[in-house]
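Start counting the sequence shown at 38; every next residue gets the next number (this note's numbering).
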Amino acid sequence: MSVIRSEKQAVVAELKEKLTSAKGAVLIDFRGLTVAQDTVLRRKMREAGVEYRVIKNTLTAIAAKEAGIEGLDTYLVGTTAIAMSSADPVAAAKIVSEFAKDKEYKNFKIKAGIVEGSVIDANGVKALADLPSREVLLSKLLGSMMSPISGFATVLQGTIRNFVYVLDAVKQQKESA
């Protein structure tokens, strides 16, 4: 009996550590998936660096409570899998939302998500998945930061160009006189 208890404590400790270090996580109801479909989902998760596990709801609730994540208990009903990403808070949400949109997986549902320690509902996970990638957001930010600088350079260039035109006109006027 104590061996089982120590194994459960180890699972809770490991999950607690992963939840605290995870930037994003998604809780999924995977009922109705075949083994082949689950294998496809796991492969997509692995390629994106997302860990996908099925853990008992009670152990997940204990680990979440120990990690300081409040409000997750209401979503821990029925079959639950968790997809966690320690690098990108959006990666798990994007993969799961894309997978849920496929009509072939009609029983596959998003229950909730965790972003930086805060619990969000299924609609929040879908909204998170619709965000552009980090690279796109950074390039937009850089573009908006560069816009005033390039505009200022264009204004300065126009002033210099006009000055050259004036000098050229004075030169031509003096040559014709």
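Where a beta carbon is used, it is the ideal one built from N, C-alpha and C, also for glycine.
Query	Result
Straight-line CA distance for R90 to L174?	30 Å
Just list the alpha helix (DSSP H) runs in the region 144–177, keeping only unbroken ones of 4 residues or longer that don't cross its boundaries, in chain order.	159–166
In whole angstroms, what separates the C-alpha of Q46 from that of D125?	28 Å
Which of the three DSSP states, helix, strand or coil, is assigned to M38?	The predicted position of M38 is uncertain, since its pLDDT is 45 and thus under 50; a value taken from the coordinates is nonetheless stated next. Note: M38 maps to coil in three-state DSSP.
For K93, which option in K81, K138, R83 and L64 has the closest C-alpha, if you only look at C-alpha atoms?	L64
I want to know whether the region 94–109 touches the region 181–192 - three or more CB-CB distances under 8 Å.	no
Going by other Cβ atoms of all chains shown within 10 Å of its Cβ, with 16 needed for buried, is M182 buried or exposed?	exposed
Where do the N-terminal and C-terminal ends of the beta strand (DSSP E) with E88 fall, by residue?	E88 to V91
Within the continuous beta strand (DSSP E) that includes D75, where are the two ends?	It is not in any beta strand (DSSP E) - D75 instead sits in the alpha helix (DSSP H) that spans V72 to E84.
Can you tell me whether DSSP reads I106 as helix, strand or coil?	coil
When DSSP labels each residue in this structure, what does A128 get in the three-state scheme?	helix
List the endpoints of the continuous beta strand (DSSP E) containing S123.	Segment: none, S123 is in no beta strand (DSSP E) and carries neither H nor E.
Rounded to the nearest angstrom, how far is the Cβ of A130 from that of A159, given a contact under 8 Å?	Actually they do not touch by this definition, with Cβ atoms about 10 Å apart.
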